Amino acid sequence: RALQARKVKIPTYTQLNNYLVHYKKKKYGSHKISLGELEQWCKNNLNIPTDENEAFVVSYKILYDNEEYEDDEDVEENDGNLFRIFISSIRLLNIISMSSHVCSDAIYKLVWQGFPVLIVGTTDLNKAFHPFGLAICSNEKTKDFEFIFNCIQIGLKKINKDLLKP
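For the record, in the sequence shown the residue sitting at position 60 is 51 according to our numbering, with numbers rising by one throughout.
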């Protein structure tokens, strides 16, 4: 009312919303990440940390549309870009060495940048789930699950544990 009394034009809800969106983007940057930024983040987080609870990138694969592909079925749905990332920690990888089987599933309510997050783990005799790590893939095809299961073996090699023999 004070603004109206001073004859100041009051912005509409849409104008305020647009201003806030523009301001946040200018101050904090875009909320979407490019494949180049994702690849740089993966490179920066490849080293095994000293803290066994700190997550690191066990392995990743990013292919741009001008690179060679192993199979054509992966490329169709993603404009030629393909990525696969597996993240875990030393403590989570140690759980694998005590396991006899592996479970993997996509959780569609848990997404990152519009891509499903795949959780990999095992269950105990009490039917409790124990995660090993998580993967974010641009697809959910056989090659993506192969990548995830190979990453488990890569992770075990990195921390000098025996390979999983499910």
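Note that CB positions come from ideal geometry on N, CA and C, so glycine has one too.
Values in this document were obtained by computation on a predicted structure and should not be read as measured data.
Own chain partners of L147 with C-beta closer than 8 Å, once the 5 adjacent residues on each side are dropped:
L84, I87, S88, D153, L154, L155
Counting along the chain, where does the alpha helix (DSSP H) carrying L133 start and finish?
A small fix is needed here, since residue 133 is Thr in this sequence, not Leu. Looking at the DSSP string, the run of the alpha helix (DSSP H) that includes T133 is 133 to 149.
So, helix, strand or coil for H13, using DSSP?
helix
Can you pull the DSSP bridge partners for I127?
According to DSSP, I127 shares a beta bridge with I76, V108.
Thinking C-alpha only, which one of D135, R82, N130 is nearest D42?
R82
Distance, Cα to Cα, K100 vs N130?
16 Å
Does the structure place the segment 35 to 53 close enough to the segment 74 to 81 that three or more beta carbon pairs sit under 8 Å?
Yes: at least three Cβ pairs fall under 8 Å.
Just verifying my parser: in three-state terms, what is the DSSP assignment at Y55?
coil
Classify V102: buried if its beta carbon has 16 or more other beta carbons within 10 angstroms, exposed otherwise.
exposed
Find out if the Cβ-Cβ distance for the pair V93, I143 is shorter than 8 Å.
yes
Candidates I110, F123, D115, W32, of which the one nearest K174 by Cα:
Coverage of the chain is limited to positions -8 through 157, which leaves residue 174 absent and any answer about it impossible.
Over what stretch of residues does the alpha helix (DSSP H) that includes L155 continue unbroken?
Unbroken run through L155: none, as it is neither H nor E.
Is it buried or exposed for T5, if we count other Cβ within 10 angstroms and need 16 for buried?
exposed
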